[in-house]
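Reviewing the structure listed below.
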Amino acid sequence: MNRAEDKSVSHGDVIEVDASDLPVYCPGPKAPLWSMHPRVYIEVAKSGQGVCPYCSATYQLKPGQTVHGH
């Protein structure tokens, strides 16, 4: 599985995620030490896109992805 939150994120990057990656949080566990901030969960299911309030990384669902409820 390709976990999008595992990628290193630079300020303002756009990270595409699969529905299987939800819930998305920032920063991911493999983010470099210099980019660490408090963990926040990013809501992408409703609008298809969400922005981290700390580092401005944008997470968006890949085209064609469908979010299923529990």
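According to the working numbering, the stretch in the sequence shown is residues 447 to 516, in order.
Ideal Cβ positions, reconstructed from N, Cα and C, are used throughout, including at glycine.
Taking a contact to mean a Cβ-Cβ separation below 8 Å, would you say Y505 touches V490 in this structure?
Cβ atoms of Y505 and V490: closer than 8 Å.
In angstroms, rounded to a whole number, what distance separates the CA positions of P484 and P473?
Answer to the nearest angstrom: the Cα atoms are 8 Å apart.
May I have the straight-line CA-CA distance separating V497 from H514, to the nearest angstrom?
Distance between the alpha carbons of V497 and H514: 21 Å.
What separation, rounded to the nearest whole angstrom, lies between the Cα atoms of S454 and D467?
In this prediction, S454 scores a pLDDT of 49, lower than 50, which makes its location untrustworthy; the coordinate-derived value is nonetheless stated afterwards. If you take the alpha carbons of S454 and D467, they lie about 15 Å apart.
Rounded to whole angstroms, what is the Cα-Cα separation between L507 and D459?
Approximately 14 Å between the Cα atoms of the pair.
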